[in-house]
Every structure is written in C-alpha cells, then in structure tokens.
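Mapping of the sequence shown onto UniProt numbering: position 181 corresponds to residue 181, and the numbering continues sequentially without gaps. Here a beta-carbon is modelled for each residue, glycine too, at the ideal position from N, C-alpha and C. No experiment lies behind these values; they were computed from the predicted model shown. This report refers to the structure that appears directly beneath it.
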Amino acid sequence: MKKYTFTEKKDTRSGFGAGLLEAGKRNENVVALCADLVGSLKMEAFIKEFPERFFQMGIAEANMMGIAAGMTIGGKIPFTGTFANFSTGRVYDQIRQSIAYSDKNVKICASHAGLTLGEDGATHQILEDIGLMKMLPGMTVINTCDYNQTKAATIAIAEYEGPVYLRFGRPVMPIFTDPDQKFEIGKAWTVNEGKDVSIFATGHLVWEAILAGEKLAEMGIDAEIINIHTIKPLDEEAVLKSVAKTGCVVTAEEHNRLGGLGDSIAQLLVKNHPAPQEYIAVDDSFGESGTPAELMKKYGLDSDHIIAAVQKVIARRKG
1 MKKYTFTEKK
11 DTRSGFGAGL
21 LEAGKRNENV
31 VALCADLVGS
41 LKMEAFIKEF
51 PERFFQMGIA
61 EANMMGIAAG
71 MTIGGKIPFT
81 GTFANFSTGR
91 VYDQIRQSIA
101 YSDKNVKICA
111 SHAGLTLGED
121 GATHQILEDI
131 GLMKMLPGMT
141 VINTCDYNQT
151 KAATIAIAEY
161 EGPVYLRFGR
171 PVMPIFTDPD
181 QKFEIGKAWT
191 VNEGKDVSIF
201 ATGHLVWEAI
211 LAGEKLAEMG
221 IDAEIINIHT
231 IKPLDEEAVL
241 KSVAKTGCVV
251 TAEEHNRLGG
261 LGDSIAQLLV
271 KNHPAPQEYI
281 AVDDSFGESG
291 TPAELMKKYG
301 LDSDHIIAAV
311 QKVIARRKG
C-alpha cells in the first residue's frame, strides 16, 4: 500500500476560495455570486481583489441562478456560492430550465455537502444532490477530496465550457494531494494500485479509503483505490480496467446509496462487466445532528466500514 502522509488539515471549502481567487486572476470574465454566505464559502479574498466582479444576492438562491444564467450571455463565467442543499434542492427548477436545458456556462459551487455539515442537522445535510445534478443532461458533476484538489478543480472548471456542479465540504480534512496538480475533468486518479478489490471513493471518503487500505494491507489484502472526483462524466475506462483485474468492487461516498457514485458504477458494470459490489453510503435515510466524526461512524462511512465491505465483497467473489 502506497503511503500517504499529511502535515496540515484544511476544509475543502477553503480550497474553493483559493481556487476562485486564482481563476479570477487568470480570467477577467470570472465573476462570483453568493446567497448571503460569503464567509462560509470563503469568498472574501476574491471580493477584496475584485469587488466589482462580486454580486451579493442575499437569501434568494433561485434568483441567483437566473441571474447567473443571464450573465453568461454577455460572456461572463459566473460562480454561484451557497450550501449544497440550497444550491440544488431549493433551486432545481431554475437550474434545469435556465442553466442545464439552455447549456449555460454556470459553475454551481456547493459547500457544506453531506453528513459532515454536522450539527446543523438533517435539513441542511443534503444527501441527494449528486443524484439530482447528474441526472441533468450536460451537467458535469465533481466531488473533490481535499483542499489542494478542490483548488485545482475550481481553476479547471473556469476553463471548461458548460454547466458544472462542484461539491465540497465544511470539515477540516488531511491535505494529501499534490499542491501543483493539474485537475483533469473526467479522469480518475489511481491512489493505489492493487489486485484483490477495487475501492472507488469520492470526496471525503477518499481519505477513509486510504486508511482502510493501510489496514487491509496488514491483513494481506491488496486494495486498488481510485479517486472518482468526477462523477459525471465517469471515467469508464479506469473503472472497467480496475474491475477486470480485481473482480469485485466497493464504492464509498458521503451521499445517499440511491443516485450517487455507487449507482453510476453499478450501471456501468451491469452493462459491461458484472461483478459483486458493496456500497459505503447512507442507506436511504436523512441525517441528523452530531459531530462529523460521530455521524460518519453511525452512518457507516468510516474506514472500519470500508474494511468490512471489502471482506464481504471478496467473500462474495469467491462465492
């Protein structure tokens, strides 16, 4: 198992803030809109550098999406910022009609996604957003794993033509990816090569998969771990190549089991390479209030649950 170490922890939303500033420096058409959550989205540096390119929408998320769509007509590249719950469920009709259907170059940037929003509870912990967004034709869906990757992804989507949903989170997480990485939309990253099981992880679960992989190696299980940061378009070649080698799959995500990464992987495999699969995901329920660590453990999203899923799926393969 390849060793990954870290010297610092930061929240992925801060990676977005840093990436937004850099994207703004590179392209004068980059503009930012926020629905009264500047601090939570870490937009302060962009606002200080480019005050004339920032638009405070207030608590009017639907209006923000419509305005963002309109700004693209004049050649602007709008980045909208609010919580994932308010970036998707609250404004789905506006996104569908004004952005996705019209193929507008809007970057929907969503913080505080998943259970790790923590104490704010179920009303804010959206676990359906990946499914909502990936079902929209033409929508690119990205879910990053650490500060550096989120920064790189934010810069990359500014250079990409078309609507994008960029999902990130609130808690501090280990920074373990390259600070100078080039983010490739739709290209999976092989974290560790292995032969016994394929673990496809996204977002905060990538680090949990790494922790699981280290323990599995001690148990004599050689796990292939792949970071699926782009859920749509899915890197089908990378997935099929890995499963052809290992013959069994665990998917890991901070999202509902229904409609997320696991579903995308299963759909690909059933058509091309059927294989036993186990899901690490929230099992069709809402969240609740608690610390991120408590919630990840209770809802089965930590490294121990990944290890158990690996053992189960290998046993199924041996059948």
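Excluding residues up to 5 positions away in sequence, Thr251, Arg257 and Gly262 lie with their Cβ nearer than 6 Å to the Cβ of tyrosine 279 in the same chain.
Residue nearest to leucine 33 within the set Val282, Cys109, Lys312 and Tyr92 is Cys109 (criterion: CA-CA distance). Cα atoms of cysteine 145 and glutamate 161: separation of roughly 23 Å, rounded to the nearest angstrom.
Per DSSP, the continuous beta strand (DSSP E) segment holding glutamine 277 begins and ends at 277-282. For alanine 209, the enclosing alpha helix (DSSP H) covers residues 205-218. About 23 Å separates the CB atoms of alanine 244 and glycine 260; that is not less than 8 Å, and the two are not in contact.
With 16 or more other Cβ atoms inside 10 Å of its own Cβ, phenylalanine 183 counts as buried. In this structure the region 184-195 does not touch the region 55-62; the number of beta carbon pairs closer than 8 Å is below three. Here asparagine 148 really is in contact with glycine 15; their C-beta atoms are around 7 Å apart, less than 8 Å.
Shown here for serine 198: same chain residues with a beta carbon closer than 6 Å to its own, the five before and five after excluded, namely Glu224, Ser242, Val243, Thr246 and Val249 in chain order. Per DSSP, the unbroken beta strand (DSSP E) holding leucine 33 starts and ends at 30-34. Distance from leucine 166 to lysine 107 at the Cβ level is roughly 6 Å; contact confirmed, criterion being Cβ atoms closer than 8 Å.
DSSP lists Lys10 as the bridge partner or partners of methionine 173. Residue pairing for serine 198: DSSP places it in a beta bridge opposite Glu224 and Val249. For glutamate 253, the CB contacts under 6 Å within the same chain, skipping 5 residues up- and downstream, are Thr202, Leu205, Gly260, Leu261 and Ala281 in chain order. Excluding five sequence positions before and after glycine 121, the CB atoms of its chain that fall closer than 8 Å to its own CB belong to Gly287, Glu288 and Ser289, given in chain order.
With respect to the 8 Å criterion, lysine 10 and valine 172 are classified as neighbours on the basis of their beta carbons. Take alanine 152, set aside five residues on each side of it, and the residues of its chain with a beta-carbon closer than 6 Å to its own are Gln181 and Phe183, in chain order. In the three-state reduction of the DSSP assignment, alanine 113 falls in the coil class, being assigned neither a helical nor a strand state. With 16 or more neighbouring CB atoms inside 10 Å of its own CB, glutamate 61 falls in the buried class. Sequence-distant partners of serine 87 (beyond 5 residues in either direction) whose C-beta falls short of 6 Å from its own C-beta, in its chain, are Ile108 and Ala110.
Comparing C-alpha distances from leucine 136 to each of Leu115, Asp103 and Lys2 shows the shortest one belongs to Asp103.
In this chain, the alpha helix (DSSP H) harbouring glutamine 149 covers 147-158. DSSP places asparagine 143 in the strand class (E or B) of the three-state scheme. For the alpha helix (DSSP H) assignment, the uninterrupted runs of no fewer than 4 residues enclosed by the region 59-128 are, from N- to C-terminal side, 61-73 and 84-87. Bounds of the beta strand (DSSP E) holding asparagine 192 are 189-192. Residues of the same chain with a CB within less than 6 Å of the CB of phenylalanine 46, apart from the 5 flanking positions on each side, are Leu20, Leu21, Gly24 and Ala32 in chain order.
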